[in-house]
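Take a look at the structure set out below.
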Amino acid sequence: MDGNGRWAKARGLDRVKGHIEGVESVRACIEAAVEKGIEYLSVYAFSEENWNRPQEEVIALMELMMQSMKNEFRTFMDNHVRFMVLGNRARLSENLNRTIDEMMEATSVEYKTTLILFLSYSGKWDILQAMKKAQAQLSPEAFQAMELADFDQYLVTAGIPDPDLLIRTSGELRISNYLLWQTAYTEFYFTDILWPDFRKPQFFEALEEYARRDRRYGKVK
Ligand code: IPE
Ligand code: MG
Numbered sequence: 016m017d018g019n020g021r022w023a024k025a026r027g028l029d030r031v032k033g034h035i036e037g038v039e040s041v042r043a044c045i046e047a048a049v050e051k052g053i054e055y056l057s058v059y060a061f062s063e064e065n066w067n068r069p070q071e072e073v074i075a076l077m078e079l080m081m082q083s084m085k086n087e088f089r090t091f092m093d094n095h096v097r098f099m100v101l102g103n104r105a106r107l108s109e110n111l112n113r114t115i116d117e118m119m120e121a122t123s124v125e126y127k128t129t130l131i132l133f134l135s136y137s138g139k140w141d142i143l144q145a146m147k148k149a150q151a152q153l154s155p156e157a158f159q160a161m162e163l164a165d166f167d168q169y170l171v172t173a174g175i176p177d178p179d180l181l182i183r184t185s186g187e188l189r190i191s192n193y194l195l196w197q198t199a200y201t202e203f204y205f206t207d208i209l210w211p212d213f214r215k216p217q218f219f220e221a222l223e224e225y226a227r228r229d230r231r232y233g234k235v236k
């Protein structure tokens, strides 16, 4: 989700207003995912690198995250949306962590769509913590014998399928330390649209484009 700041700047507004409007786009995309029966929708809300933004913006974003979660709780329950947060949770406030835990627990009962909020996440961090976890849990022999498919279970995304489609808005053509391991065969979709303007029709357009792609996974068809 990129372009909130530029969306606000173009209107002479504070950057935070762009983030607030961006929450509406998240809501629209969740609705679209539920409507289409998409099982997993992930949003990259805050990277490990985003902690280096001006403190006021970081505080405002964390506040907005907390508020939005609480606001959406009922909608999640009514629409059978399971809510998850993945990332370096140790860096989040105790208060935010408590709300996240409560929401994850309450929404994990009966669900059709899983919404994953990547918070304080980075792909390199994920790979490193996975390696450390595996090393701590396995004997030196088992660690050495580890195969590629065995590694997935140590990533924070353990048990979650790799993404089929990754959408990046605002015209930036990079992955910015998102799911590095998990996107090995993901289809990428880049659009110039700024995140606050990315709503249902734009999401459906991306899905249509994805449906036209030919996925060969390195093989010949
Ligand atoms: C994306 O919008 C939202 C977050 C990373 C939290 P930006 O804040 O990166 O918006 P631009 O790139 O400055 O326009
Ligand atoms: Mg940006």
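Adding 15 to a residue's 1-based position in the sequence shown gives its number in the working numbering.
Here a beta-carbon is modelled for each residue, glycine too, at the ideal position from N, C-alpha and C.
Quick caveat: nothing in here was measured; it's all calculated off a predicted structure.
So what does DSSP say about residue i, is it helix, strand or coil?
i, result
"F218", "helix"
"F61", "strand"
"I53", "coil"
"S40", "helix"
"Y169", "helix"
"I262", "One cannot answer for residue 262 here, as it falls past the ends of the chain, which runs 16 to 236."
In angstroms with no decimal places, state the Cα-to-Cα distance between residue i and residue j.
i, j, result
"N167", "V235", "Just to set this straight, residue 167 is Asp in the shown sequence, not Asn. Whole-angstrom Cα-Cα distance: 26 Å."
"E223", "A157", "44 Å"
"E162", "G174", "16 Å"
"T206", "G37", "16 Å"
"V73", "N65", "8 Å"
"G138", "A199", "12 Å"
"L195", "L170", "11 Å"
"E39", "F218", "13 Å"
"I45", "F91", "9 Å"
"E87", "V41", "11 Å"
"E238", "M77", "Here the chain has residues from 16 to 236 only, and residue 238 is not among them."
"V58", "M16", "7 Å"
"Y193", "E187", "13 Å"
"R227", "E63", "34 Å"
"V124", "S83", "21 Å"
"A121", "K85", "12 Å"
"L107", "T128", "25 Å"
"P178", "Q144", "20 Å"
"F61", "P155", "35 Å"
"S185", "R21", "9 Å"
"R113", "F213", "30 Å"
Can you say whether residue i is buried or exposed, counting buried as having 16 or more other CB atoms within 10 angstroms of its CB?
i, result
"N19", "buried"
"R230", "exposed"
"M80", "buried"
"W210", "buried"
"D116", "exposed"
"Q197", "buried"
"R30", "buried"
"M118", "buried"
"S191", "exposed"
Within the continuous beta strand (DSSP E) that includes residue i, where are the two ends?
i, result
"M99", "96-101"
"L130", "128-136"
Counting along the chain, where does the alpha helix (DSSP H) carrying residue i start and finish?
i, result
"E202", "From DSSP, E202 is part of no alpha helix (DSSP H) but of the beta strand (DSSP E) over 202-205."
"M182", "Correcting the residue type first, residue 182 is Ile in the shown sequence and not Met. Careful: I182 lies outside any alpha helix (DSSP H), inside the beta strand (DSSP E) at 180-183."
"E117", "109-122"
"G233", "Counting along the chain, G233 falls outside any alpha helix (DSSP H), and DSSP gives it neither H nor E."
### Shell residues, 5 Å Cβ cut-off relative to heavy atoms of the ligand IPE
Qualifying residues come out as D17, G18, N19, G20, R21.
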